[in-house]
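Engineer: Handing you this structure, nothing more for now.
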Amino acid sequence: MAGVVLRSSLARAPSKVPSLLTRGYATSTPARAHHRVVVVGGGTAGITVAAQLKRTPQLENSDVAILDPAPVHHYQPGWTLVGSGLKPLDGMKRPLADVVPTGVKHYPLTVSTFDPENNVVKTSEGVNMSYDYLVVAPGLETNFAGVSGLQEALADPTSLVSSIYSHKTVEQVWRNIQDFKKGKAIFTQPAGVIKCAGAPQKILWMALSQWNRNGVRGDIDATFATGAATMFAVPKYSEALERLRRERNVEGLFQHNLVAVDAKNKVATFKNLADNGKEVQREFGFLHVVPPQKPWDWVAKSPLADAAGWVDVDKATTRHNKYANVFSIGDASSLPNSKTAAAISSQAPVLVDNLLATMEGRKPEAAYDGYASCPLLTGHNELMLCEFKYGGVPKETFAGVFGSQDQPMRIFYHLKKDFFPTVYWNSFLKGTWFGPKGWSKPSSLS
Numbered sequence: 457m458a459g460v461v462l463r464s465s466l467a468r469a470p471s472k473v474p475s476l477l478t479r480g481y482a483t484s485t486p487a488r489a490h491h492r493v494v495v496v497g498g499g500t501a502g503i504t505v506a507a508q509l510k511r512t513p514q515l516e517n518s519d520v521a522i523l524d525p526a527p528v529h530h531y532q533p534g535w536t537l538v539g540s541g542l543k544p545l546d547g548m549k550r551p552l553a554d555v556v557p558t559g560v561k562h563y564p565l566t567v568s569t570f571d572p573e574n575n576v577v578k579t580s581e582g583v584n585m586s587y588d589y590l591v592v593a594p595g596l597e598t599n600f601a602g603v604s605g606l607q608e609a610l611a612d613p614t615s616l617v618s619s620i621y622s623h624k625t626v627e628q629v630w631r632n633i634q635d636f637k638k639g640k641a642i643f644t645q646p647a648g649v650i651k652c653a654g655a656p657q658k659i660l661w662m663a664l665s666q667w668n669r670n671g672v673r674g675d676i677d678a679t680f681a682t683g684a685a686t687m688f689a690v691p692k693y694s695e696a697l698e699r700l701r702r703e704r705n706v707e708g709l710f711q712h713n714l715v716a717v718d719a720k721n722k723v724a725t726f727k728n729l730a731d732n733g734k735e736v737q738r739e740f741g742f743l744h745v746v747p748p749q750k751p752w753d754w755v756a757k758s759p760l761a762d763a764a765g766w767v768d769v770d771k772a773t774t775r776h777n778k779y780a781n782v783f784s785i786g787d788a789s790s791l792p793n794s795k796t797a798a799a800i801s802s803q804a805p806v807l808v809d810n811l812l813a814t815m816e817g818r819k820p821e822a823a824y825d826g827y828a829s830c831p832l833l834t835g836h837n838e839l840m841l842c843e844f845k846y847g848g849v850p851k852e853t854f855a856g857v858f859g860s861q862d863q864p865m866r867i868f869y870h871l872k873k874d875f876f877p878t879v880y881w882n883s884f885l886k887g888t889w890f891g892p893k894g895w896s897k898p899s900s901l902s
């Protein structure tokens with residue numbers, strides 16, 4: 457869920473550093489610079505790790521830097537709330553300079569590649585940033601160009617095509633929901649890895665709920681078209697969501713991957729992955745699209761990447777499998793779990809603990825168990841709080857209090873809508889929020 461936007465150009469950059477580096481929120485730098493810890497990415501993962509590092513006795517007075525050219529930090533879990541008409545977009549973003557931790561140097565530089573053999577990060581601006589330890593957390597790329605005709609459809613405000621997966625398009629989602637009164641509504645989810653795999657359904661359920669409120673649900677035929685074989689990757693929650701789909705009369709098109717949008721003729725084209733990619737065309741009046749997603753090209757082509765293009769780290773320690781002074785968490789990492797902010801809240805303290813251990817010559821022993829959470833909105837005033845770890849095993853925080861979390865509950869709705877956004881800005885990004893542990897700091901970080 458990192459909100460950083462880093463361009464993927466690998467072109468050789470001029471040696472002169474541009475004047476933007478002298479802005480007040482950034483740090484001026486020569487063509488070469490060195491820091492003890494360099495963090496690539498100013499999204500959720502990068503900011504959280506930097507904040508936690510600066511709160512440790514070992515690094516509170518040490519040299520930590522963040523590289524990220526984005527001017528704005530986005531609270532991406534909030535985009536579902538914006539698309540549902542529950543929150544304004546302005547409340548889901550802040551200037552990146554305002555969330556960079558105190559004492560951390562920020563360089564608005566565009567990373568182009570890594571040279572881990574020489575402990576160097578190379579940038580498009582011509583700066584070679586050397587490091588003792590590197591944290592790679594630039595997020596992933598939402599590839600809107602990966603669906604033919606999608607960008608043109610999103611640019612047309614009359615198309616009733618929208619997406620919650622960009623701050624540039626999310627406000628149109630709510631307008632489209634309000635404008636649509638009758639016809640066929642399709643909600644898509646691509647095949648492959650995406651960030652917050654529950655989000656495509658969140659906006660489906662919230663749209664249905666709003667159409668019920670507007671008195672038009674009976675005139676709308678809803679379809680959930682997903683490249684996956686089931687409603688959700690975790691069997692317990694998938695079964696509950698499948699029951700919900702049937703109860704609410706939503707058609708399920710499974711293993712159907714969206715490949716093209718014809719906004720003029722209102723036709724969506726899918727490939728049926730269960731039938732050798734046979735093309736299937738569906739007419740629509742309303743279309744919500746989740747674009748395919750992938751690693752940044754400059755990450756995938758670097759020596760740090762695995763065969764799939766993700767930063768190749770141990771799934772327990774978050775340390776690189778080849779370079780012992782390199783770590784990665786969040787959407788860019790190879791950690792085989794759900795790519796969510798909640799996952800980062802559990803990954804970050806493990807990374808920090810193991811980076812400190814490596815720094816002190818100790819074996820990294822902190823272990824990430826794959827915890828992730830998807831606060832899945834199922835309508836107004838209800839939410840299914842899906843929590844799980846590696847292997848699709850439920851790991852529920854409140855089951856002993858409220859019962860099994862595969863049931864939508866109102867109290868969880870207010871966690872998502874009201875509590876989590878406040879915690880994000882006031883604690884998460886400041887390094888004082890530790891996921892299911894809340895504000896209880898791990899002893900290793902004390």
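Residue numbers for the sequence shown follow the working numbering, beginning at 457 and rising by one.
Where is the CB? At the ideal position from N, CA and C, for every residue including glycine.
Just so we're clear, the structure is a prediction, and the values are computed from it rather than from any experiment.
Nearest-angstrom Cα distance between Pro656 and Arg704?
Structural biologist: For Pro656 and Arg704, the distance between alpha carbons rounds to 16 Å.
Engineer: For Phe844, which residues of its own chain have a beta-carbon under 7 Å away from its beta-carbon, when the five flanking residues on both sides are left out?
Structural biologist: Cβ neighbours of Phe844 beyond the five flanking positions: Val690, Ala828, Pro850 and Lys851.
Engineer: Can you check the region 616–698 for any beta strand (DSSP E) of at least 3 residues that lies completely inside it and give the ranges in chain order?
Structural biologist: Qualifying beta strand (DSSP E) stretches, in chain order: 639–645 and 676–682.
Engineer: Excluding the 5 residues flanking Thr888 on each side, which residues of the same chain have their C-beta closer than 7 Å to its C-beta?
Structural biologist: Correct list, in chain order: Trp895.
Engineer: Got a sec? Which residues, its chain only, sit under 6 Å from Asp862 by beta carbon, not counting five neighbours each side?
Structural biologist: Contacts found: Lys692, Tyr693 and Ala696.
Engineer: Determine the closest residue to Ala764 out of Val538, Pro751, Leu552 and Ala797, with distance taken between C-alpha atoms.
Structural biologist: Checking every option, the nearest Cα to that of Ala764 belongs to Pro751.
Engineer: Counting only runs that start and end within the region 715–793, where is the alpha helix (DSSP H) found for 4 or more residues in a row?
Structural biologist: Listed in chain order, the complete alpha helix (DSSP H) runs (minimum 4 residues) inside the region 715–793 are 753–756.
Engineer: Report the CB separation of Ser801 from Phe868 in whole angstroms; it is logged as a contact under 8 Å.
Structural biologist: Contact doesn't hold; Cβ gap of about 16 Å is too wide.
Engineer: Among the residues of its own chain, which have a CB less than 7 Å from the CB of Lys637, if the five just before and after it don't count?
Structural biologist: Hits under 7 Å: Val672 and Asp675.
Engineer: Taking 8 Å as the limit between beta carbons, can you name the residues of its chain near Ala823, skipping five residues before and five after?
Structural biologist: So the list reads Ala772, Thr773 and Val806, once near-sequence residues are dropped.
Engineer: Heavy atom of the ligand COA less than 6 Å from the Cβ of Gln514, yes or no?
Structural biologist: Absence of the ligand COA from the depicted structure is noted, as is the absence of any ligand whatsoever, leaving it without description.
Engineer: What residues in its chain sit with their C-beta under 7 Å from that of Thr834, if we drop five residues either side in the sequence?
Structural biologist: Correct list, in chain order: Trp661, Leu700, Met840 and Pro864.
Engineer: So the beta strand (DSSP E) Gly708 belongs to, where does it begin and stop?
Structural biologist: It spans Val706 to Phe710 - the beta strand (DSSP E) in which Gly708 sits, taken as one unbroken run.
Engineer: Within 10 angstroms of the Cβ of Gln514, are there 16 or more other Cβ atoms? Answer buried if so, exposed if not.
Structural biologist: The residue in question, Gln514, is exposed, as its Cβ has fewer than 16 Cβ neighbours within 10 Å.
Engineer: Whose CA, out of Ala798, His712 and Pro892, lies closest to the CA of Asn733?
Structural biologist: The question names Asn, but residue 733 in the sequence shown is Gly. Among Ala798, His712 and Pro892, the Cα nearest to that of Gly733 is on His712.
Engineer: Roughly how many angstroms separate the alpha carbons of Val556 and Pro747, rounded to a whole number?
Structural biologist: Going by the C-alpha atoms only, they are around 29 Å apart.
Engineer: Just to confirm my understanding: we take Asn837, look at its own chain, exclude 5 residues before and 5 after, and list those with CB closer than 6 Å. What are they?
Structural biologist: Correct list, in chain order: Arg866 and Tyr869.
Engineer: Got a sec? Which residues, its chain only, sit under 7 Å from Trp766 by beta carbon, not counting five neighbours each side?
Structural biologist: Hits under 7 Å: Pro751, Ala788, Ser789 and Ser790.
Engineer: Quick one: residues in its chain with C-beta nearer than 6 Å to the C-beta of Ile633, no 5 flanking neighbours on either side, listed in chain order?
Structural biologist: Result list for Ile633: Ala663 and Gln666, in chain order.
Engineer: Hey, could you find the ends of the alpha helix (DSSP H) Lys510 is sitting in?
Structural biologist: Counting along the chain, the alpha helix (DSSP H) containing Lys510 begins and ends at Thr500 to Lys510.
Engineer: What is the C-beta distance between Ser784 and Val769, in whole angstroms, given that I count them as a contact (C-beta under 8 Å)?
Structural biologist: That belief holds up - the Cβ atoms of Ser784 and Val769 are roughly 5 Å apart, short of 8 Å.
Engineer: With C-beta atoms as the reference, is Val629 less than 7 Å away from Gly539?
Structural biologist: Result yes, Cβ atoms of Val629 and Gly539 sit closer than 7 Å.
Engineer: Under a Cβ-count criterion, where at least 16 other Cβ atoms within 10 Å of its own Cβ denotes burial, should Ser899 be classed as buried or exposed?
Structural biologist: Label assigned to Ser899: exposed.
Engineer: So, helix, strand or coil for Lys851, using DSSP?
Structural biologist: Here Lys851 sits in coil by DSSP.
Engineer: Once you ignore the five residues that flank Thr625 on each side, which residues in its own chain have a CB closer than 8 Å to its CB?
Structural biologist: Taken in chain order, the residues that qualify are Leu610, Ser618 and Ser619.
Engineer: Excluding sequence positions up to five away, which residues of its chain have a Cβ less than 8 Å from the Cβ of Asn599?
Structural biologist: Contacts found: Pro747, Pro748, Gln749 and Lys750.
Engineer: Whole angstroms are fine: how far does the CA of Thr536 sit from the CA of Gly891?
Structural biologist: Straight-line Cα distance between these residues: approximately 20 Å.
Engineer: Quick check on DSSP: helix, strand or coil for Val538?
Structural biologist: Of the three classes helix, strand and coil, the one that applies to Val538 here is helix, per DSSP.
Engineer: Between Lys886 and Gln508, what straight-line distance do the alpha-carbon atoms span, to the nearest angstrom?
Structural biologist: The alpha-carbon atoms of Lys886 and Gln508 are separated by roughly 7 Å.
Engineer: Who are the near neighbours of His530 in its chain, counting only those whose CB is closer than 7 Å to its CB and skipping five residues on each side?
Structural biologist: Here the set comprises Gly459, Met548, Lys549 and His623.
Engineer: Can you check whether the CB of Thr558 is closer than 7 Å to the CB of Pro525?
Structural biologist: Contact: no.
Engineer: Straight-line CA distance for Leu714 to Glu597?
Structural biologist: Approximately 17 Å between the Cα atoms of the pair.
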